Each structure stands twice: as C-alpha cells, then as structure tokens.
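Visitor: This is the structure, below, for whatever I ask next.
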Amino acid sequence: MQSIDLRSDTVTQPTPAMREAIAKAPVGDDVYGEDPTVDALQRRAAALLGKEAALFVPSGSMGNQASLRTLTRPGDVVLASENAHILRYEGGAPAALWGVHVKTIGRDGLFDARDVRDAVPAAQDSHVAPTRVLAFENTHNFAGGRVFPLDALRDACATARELGLSLHLDGARLWNAVVATGVPAAQWAEPFDTVSVCLSKGLGAPVGSLVCASRERIREVHRARKLLGGGMRQAGILAAAGLHALDHHIERLAVDHANAKRFAEGLVALGIAVHPAPETNMVMFDVDDAAAFGRGLRERALRINMIAPGRFRAVTHLDVSSADIDEALARIAEILRELR
Ligand SMILES: Cc1ncc(COP(=O)(O)O)c(C=O)c1O
C-alpha cells in the first residue's frame, strides 16, 4: 500500500527542476559574503517583502530567534498568540537563549487591539517586566493554518506602536496567506520590524528561511545568526532551491488549499468533526477513539499527526494530489467502518 504523508508540508521531496537549479547554482563562501546565489535570493526576498534587506538562515526557528534577539533584552516580555510556534515549538528558545518570556494573548491564533492594550501593564515601573515586542504568526500553525485578518492585524500593530512595542511576524507560511487572500506579501509585512519567512514548508525547498527587515536591523540579525552558529559556506546550493521555489511554487499553493478543502468536506461527509474550516493547507479534526483511529491510520500507511489528545492535523503539500486525498478519505472510511 502506497504511503500518503499528510503530517506536514515539510515532508516534500525537491522536484527534478529544483534539483537541476541546485546543480547549476554558482556558489561562493557566504560567510565571506561571496555567494552570488545567496545574494540573489536575499535581494529577491527583500523585494517581495518590501523591506530593504534580507538574510538567509537555515531554519524558521533561527529566523524567529535571531529576530527576537535584536528586538529584546533579558527580562523583557514578548506578546504572542496562543500556542505560538515561538513559544510552543522552538525548544523554549526565548527563555533559554535571550532570557525573554512570552505571554500569550487572544484565542485560536488571533488577537485584537484590545487584547494588546489589556496585556501591557499601565505602569512600566521597576516592578514590571518591560513588554517589548508583539509577535504575530500568519498563517497560524496550531490554529489550523488560520489567516490573520489584515484589518485586525493592522489595528493591533497600530496599538502596539502607540504602546512603544516592536513588531515581529513569524511568516513561516506567509505565502499561504498571500495566496488565500490575494494580499501581496509586502502588504502583510509592511507594519513589521522583522519578518521571518520559510522556503521549506509549502514552497517545497529542502532548507532555509529568510529574515527581512531594514538594512540596519539585518546587520544585527546577521550578528545573531553568527551567535547561533548559522553562518553557511557554499549556501548557494540551498539558495538556488529557494529561488526556484519562489519562482515556481507560490501560486500552486492554491492547489494545496483546494485539496485541504476537499479533504475537510470528505471528513465531514464521513461524520468527522472538522474545526476550524480550513482557510489554507491544514485540516484539524477530532476523533473519539484516537488510539484505535491512530492504529487504523498506521495499518493503512496513512500518516497524519495527532497534535493534541484526540485532535489530528492533516497538511496538504506539493507531493499530495487530489487523487491522494480521495484515496486517504477511502482509507479513513474503512477505518471508521472497522471502529463502528
Ligand atoms: C509557524 C512556524 N514558525 C516557525 C517554524 C520553524 O521552522 P523550522 O522548522 O524551519 O525551524 C515552523 C515550523 O513548522 C512553523 O510552523
């Protein structure tokens, strides 16, 4: 039985055309600033995000953490959404590396200007940890690939600025928000001091993320990347995959979104509770007998992660076709027949 892998959009194989782009890439030592392909990728990303400069980093986690390093001092508070990746899935890095604590606001990955205002103590005297940064995640992973509504995002950013906060965007899947809404990346990125975007999620590159910001800020992010051991040598090999992904794999995210919708509708037809309705490439659903369901998935080579007790997350991506979705639904129907 052929495996169908819906664990994450990070499990993709580089396409033959991407491998060809990798093979042909001119490279140099990027720690000396001599890799033309890395330079091209950084210029391209900065232009797409409407920022002065960009820095190539190995991972989204490093992009987020190097950004936070430049925006905070030990003892500061970072405000972020409930279950934000920076808090939940980056190994405790804000506390472990920078001595910064993360306080969550809002619900289900979203918050509004009121939540921001309520979270910042009125008196910032010596008793109180300074609240320094407001961090967004768009789309939001744990909330099921949810898009942050643009108006609410702008309002919350404006309030944060009034309160003297810096702004960071974890845009690991910003491309999905771009395709789902038609709002260009630069418009999403506009209010932020630092934006981290990934090439290795829906875009299908093997490695890499970019932090985009002002030229001066990127100099500081570069120092933070060094501190984290993130300097890479002939990294044009990887940057070529990233450039190829930006050229060829953004618009096609619409296919992943359509497949997620098809999968969600199929699950609902089978009597499975899907929540929220998918906005991008993730489908969250709840199953009563999760242990038996999980066993059924394994027996049928259907790979879907359980992300909380009884709650499963399926993610569509470059290597999943609509026929795979139909086959996955057929296998799930079989599991349900067995369980009933
Ligand atoms: C929203 C979000 N931010 C950051 C990351 C971190 O990316 P990486 O795994 O490249 O460190 C991920 C990874 O899935 C993510 O989903």
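In case it helps, this note's numbering puts the sequence shown at residues 1445 to 1784. We put the CB at the ideal spot given by N, CA and C, even for glycine. Quantities reported herein were computed from a predicted structural model and do not represent experimental measurements.
(1) Using a Cβ-based criterion (distance less than 7 Å to any ligand heavy atom), does R1617 qualify as near ligand 1?
(2) Would you say H1761 touches ligand 1, meaning its beta carbon is less than 7 Å from a heavy atom?
(3) Around the Cβ of P1722, are there at least 16 other Cβ atoms within 10 angstroms (buried) or fewer (exposed)?
(4) With a CB to CB cut of under 7 Å and the five nearest residues on each side skipped, what residues in its chain are close to S1610?
(5) Would you call the region 1577-1592 and the region 1720-1734 touching, i.e. three or more CB-CB distances under 8 Å?
(6) Can you look up H1612 in the DSSP assignment and give me helix, strand or coil?
(7) Which same chain residues end up closer than 7 Å to T1454 when comparing Cβ atoms and leaving out the 5 residues on each side of it in sequence?
(8) Comparing C-alpha positions only, which one of A1596, S1452, T1481, M1445 sits nearest to L1647?
(9) Thinking C-beta only, is E1581 closer than 8 Å to S1525?
(10) Taking the straight line between their C-alpha atoms, what separation do you get for H1571 and S1640?
(11) Note the first and the last residue of the continuous alpha helix (DSSP H) segment covering T1459.
(12) Between the alpha carbons of L1783 and D1569, how many angstroms are there, rounded?
(13) Answer yes or no: the CB of H1612 versus the heavy atoms of ligand 1, is any distance below 7 Å?
(14) I need the boundaries of the alpha helix (DSSP H) containing F1707, first residue and last residue.
(15) Given I1549, which residues of its chain have a CB within under 6 Å of its CB, disregarding the five upstream and five downstream residues?
(16) Please confirm whether any heavy atom of ligand 1 lies closer than 7 Å to the CB of C1642.
(17) How far does the beta strand (DSSP E) with I1751 in it reach, from first residue to last?
(18) To the nearest angstrom, report how far apart I1530 and G1504 are at their CA atoms.
(19) Taking the beta carbon of A1668 as the centre, do at least 16 other beta carbons fall within 10 Å, making it buried, or is it exposed?
(20) Counting only the same chain and skipping the five closest in sequence on each side, list residues whose C-beta sits under 6 Å from that of D1730.
(21) Quick check on this structure: which residue in L1493, P1470, M1445 has the alpha carbon closest to the alpha carbon of V1622?
(22) Our contact map puts M1676 next to D1474 with C-beta atoms below 8 Å; I'd like the distance itself, whole angstroms only.
Guide: Straight from the coordinates:
(1) yes
(2) no
(3) buried
(4) L1515, R1576, V1577, D1637
(5) yes
(6) strand
(7) S1644, K1645
(8) S1452
(9) yes
(10) 32 Å
(11) Per DSSP, T1459 belongs to no alpha helix (DSSP H) and is neither H nor E.
(12) 59 Å
(13) no
(14) 1697-1713
(15) L1523, F1555, D1559, A1563
(16) yes
(17) 1749-1752
(18) 10 Å
(19) buried
(20) A1717, G1754, R1755
(21) L1493
(22) 6 Å
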